[in-house]
Amino acid sequence: MNATISDSRVVDKVLDGERITAEDAKELYGLPLNQLGQLADHRRQRAKSEAFQGRGSEIVTYIVDRNINYTNVCNVYCKFCAFYRTERDADHYVLSHEDIDRKIDELVSIGGIQILMQGGHHPKLGIDYYLDLLNHIREKYPQVNIHAFSPPEFNHFAEVFRMPLREVILRFKEAGLGSIPGGGGEILVDQVRNRIAPLKCNTEQWLEVMRTAHDLGLNSSATMMFGHVEAVEDRIEHLARLRQLQDQTRGFTAFICWTFQPGNVVLKATPAGSAEYLRTQALSRIYLDNFENVQSSWVTQGPRIGQIALRYGANDFGSVMMEENVVSSAGTSFRITCDEIELLIAEAGFEPRTRNNWYELVD
Ligand code: SF4
6 MNATISDSRV VDKVLDGERI TAEDAKELYG LPLNQLGQLA DHRRQRAKSE
56 AFQGRGSEIV TYIVDRNINY TNVCNVYCKF CAFYRTERDA DHYVLSHEDI
106 DRKIDELVSI GGIQILMQGG HHPKLGIDYY LDLLNHIREK YPQVNIHAFS
156 PPEFNHFAEV FRMPLREVIL RFKEAGLGSI PGGGGEILVD QVRNRIAPLK
206 CNTEQWLEVM RTAHDLGLNS SATMMFGHVE AVEDRIEHLA RLRQLQDQTR
256 GFTAFICWTF QPGNVVLKAT PAGSAEYLRT QALSRIYLDN FENVQSSWVT
306 QGPRIGQIAL RYGANDFGSV MMEENVVSSA GTSFRITCDE IELLIAEAGF
356 EPRTRNNWYE LVD
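Last residue of the sequence shown: number 368 in our numbering, and the count goes up by one each step with no gaps.
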């Protein structure tokens with residue numbers, strides 16, 4: 006650790022691996038960026054020191070997977086979303102099995118092992134659509150993990166199917182669902198959620214999906230979308246809710262944060278810049294002491310900031326992401342190949358390795 010790092014009780018707590026409080030987090034957030042980064046890097050090394058035969062802190066992982074957005078029809082109208090359409094829009098769609106197969110064939114041809122499948126809250130698709138789709142994918146591509154349906158989608162399913170949430174998740178699991186993405190978390194503070202997505206599930210509902218999924222043996226990731234109407238205190242509250250649930254279930258495999266993308270959306274807010282992104286990710290790594298993995302977000306920040314984020318608490322470069330529709334609808338579009346990811350990781354001083362959804366090395 007750099008000898009110039011500021012000397013304080015909170016810094017000592019971080020260096021000693023102690024859990025920090027919300028007040029500590031606020032103090033840390035005010036540190037010079039490079040010092041906060043060093044502390045997050047220290048916590049990353051601690052979190053990963055046991056992994057991969059003691060070489061964990063030198064390894065940065067990524068996964069070869071593909072986003073599939075099965076429908077863009079949605080009746081939630083989030084103010085930060087440029088992706089959704091109504092059934093009256095000419096470019097609304099629901100993907101057929103053939104469309105989805107084509108996408109998975111492309112993924113498999115480059116060695117991909119997972120699909121990240123999410124969609125809008127389609128008011129008319131019944132449970133058979135989803136169970137047929139899951140069964141179809143599982144039977145045709147048994148080697149591909151189906152990482153799908155965020156907590157707001159599950160809340161929507163329970164309502165539309167008129168079925169208890171637990172039963173929906175169980176039926177989906179039995180049909181082939183392998184794990185759950187942490188989308189739709191945004192900021193887990195209802196006051197904030199009501200301003201940016203008033204029709205979406207609330208904080209407790211989001212957490213309840215994750216609690217139930219973990220209880221049923223499904224792992225999930227956790228996310229945070231920040232840099233819009235929230236205060237730093239709201240981000241810390243969000244992290245507190247995640248840490249609390251992780252203490253109970255240990256079901257989260259990773260945390261990913263990204264910044265609000267302002268293009269083509271109703272919400273008017275000055276988006277966070279790269280420094281604020283790095284600062285927030287670093288703080289998240291320190292606060293979430295029970296999360297082993299933190300992904301950098303090159304998709305919203307670009308490959309170079311994604312690379313720098315590896316020294317601000319991240320130990321994973323996310324996904325190759327052959328296809329991305331949601332962030333690109335909001336005006337941000339970066340693309341990189343496996344070779345480019347490996348080069349970016351190596352340039353940052355780490356060994357690039359590929360992983361599966363459970364962060365086991367697969368190469
Ligand atoms: S973010 Fe999701 S739930 Fe919200 S409008 Fe977009 S597609 Fe619908």
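Here a beta-carbon is modelled for each residue, glycine too, at the ideal position from N, C-alpha and C.
Alpha carbon to alpha carbon, how far is residue i from residue j?
{"i": "N7", "j": "A280", "result": "Confidence at N7 is low in this model, with a pLDDT of 47, below 50, so the placement of that residue is unreliable and no value is reported for it."}
{"i": "I73", "j": "L175", "result": "22 Å"}
{"i": "C343", "j": "R167", "result": "43 Å"}
{"i": "W363", "j": "T258", "result": "7 Å"}
{"i": "I151", "j": "R49", "result": "28 Å"}
{"i": "Q58", "j": "L315", "result": "20 Å"}
{"i": "T26", "j": "D17", "result": "13 Å"}
{"i": "I109", "j": "Y89", "result": "23 Å"}
{"i": "W263", "j": "T359", "result": "22 Å"}
{"i": "I120", "j": "V149", "result": "7 Å"}
{"i": "F85", "j": "V270", "result": "5 Å"}
{"i": "I310", "j": "G278", "result": "11 Å"}
{"i": "G256", "j": "L366", "result": "19 Å"}
{"i": "T9", "j": "K145", "result": "Reliability of the predicted coordinates at T9 is poor, the pLDDT of 48 falling under 50, and no value is obtained from them."}
{"i": "H127", "j": "S13", "result": "51 Å"}
{"i": "P147", "j": "V15", "result": "48 Å"}
{"i": "L130", "j": "I142", "result": "18 Å"}
{"i": "P169", "j": "E213", "result": "12 Å"}
{"i": "V369", "j": "R240", "result": "Because the chain spans 6 through 368 in this model, residue 369 falls outside it and cannot be assessed."}
{"i": "S54", "j": "D294", "result": "14 Å"}
{"i": "S62", "j": "P357", "result": "12 Å"}
{"i": "R171", "j": "S155", "result": "14 Å"}
{"i": "L349", "j": "I341", "result": "10 Å"}
{"i": "S221", "j": "V165", "result": "First, the residue type needs correcting, since residue 221 is Leu and not Ser in the sequence shown. Near 21 Å, if we compare the C-alpha coordinates of V165 and L221."}
{"i": "T254", "j": "E23", "result": "20 Å"}
{"i": "D104", "j": "E28", "result": "50 Å"}
{"i": "I192", "j": "N199", "result": "10 Å"}
{"i": "Y98", "j": "Q266", "result": "23 Å"}
{"i": "D137", "j": "V173", "result": "14 Å"}
{"i": "V237", "j": "P203", "result": "21 Å"}
{"i": "P308", "j": "D368", "result": "22 Å"}
{"i": "R60", "j": "G268", "result": "41 Å"}
{"i": "D96", "j": "H47", "result": "48 Å"}
Taking 8 Å as the threshold (C-beta atoms), are residue j and residue i in contact?
{"i": "C83", "j": "K205", "result": "yes"}
{"i": "V194", "j": "H243", "result": "yes"}
{"i": "L182", "j": "A153", "result": "yes"}
{"i": "Y317", "j": "A30", "result": "no"}
{"i": "R290", "j": "A45", "result": "yes"}
{"i": "Y67", "j": "I261", "result": "no"}
{"i": "S225", "j": "G187", "result": "yes"}
{"i": "Y75", "j": "L100", "result": "yes"}
{"i": "Q249", "j": "Y282", "result": "no"}
{"i": "R246", "j": "T208", "result": "yes"}
{"i": "N361", "j": "I118", "result": "yes"}
{"i": "F296", "j": "V65", "result": "no"}
{"i": "A351", "j": "Q312", "result": "no"}
{"i": "L139", "j": "A87", "result": "no"}
On the premise that residue j lies in contact with residue i, defined as a C-beta separation below 8 Å, what is that separation, rounded to the nearest angstrom?
{"i": "L288", "j": "L38", "result": "In fact, because the Cβ distance is near 11 Å, the residues do not count as touching under 8 Å."}
{"i": "V299", "j": "Q286", "result": "7 Å"}
By alpha-carbon positions, which one of the options ends up nearest to residue i?
{"i": "D21", "options": "A27, A52 and L36", "result": "A52"}
{"i": "L272", "options": "Q148, F231 and Y282", "result": "F231"}
{"i": "E92", "options": "D368, G125 and G222", "result": "G125"}
{"i": "E235", "options": "T275, D252 and N269", "result": "T275"}
{"i": "H219", "options": "D104, D252 and G189", "result": "D252"}
{"i": "F355", "options": "L100, N320, N77 and D294", "result": "N320"}
{"i": "D70", "options": "I142, N224 and L112", "result": "L112"}
{"i": "M122", "options": "D106, I201 and G131", "result": "D106"}
{"i": "I185", "options": "S302, P157, D294 and R143", "result": "P157"}
{"i": "F177", "options": "Q210, I132, N207 and A351", "result": "I132"}
{"i": "A227", "options": "W211, D239 and V173", "result": "W211"}
{"i": "Q40", "options": "I201, V19 and E28", "result": "V19"}
{"i": "I115", "options": "P357, V325, A87 and E238", "result": "V325"}
{"i": "D94", "options": "H102, L221 and N77", "result": "N77"}
{"i": "M215", "options": "G268, P267, N160 and R240", "result": "N160"}
{"i": "G42", "options": "R60, R284, L130 and L349", "result": "R284"}
{"i": "H102", "options": "R240, S62 and Y135", "result": "Y135"}
{"i": "M229", "options": "G222, S301, G61 and D96", "result": "S301"}
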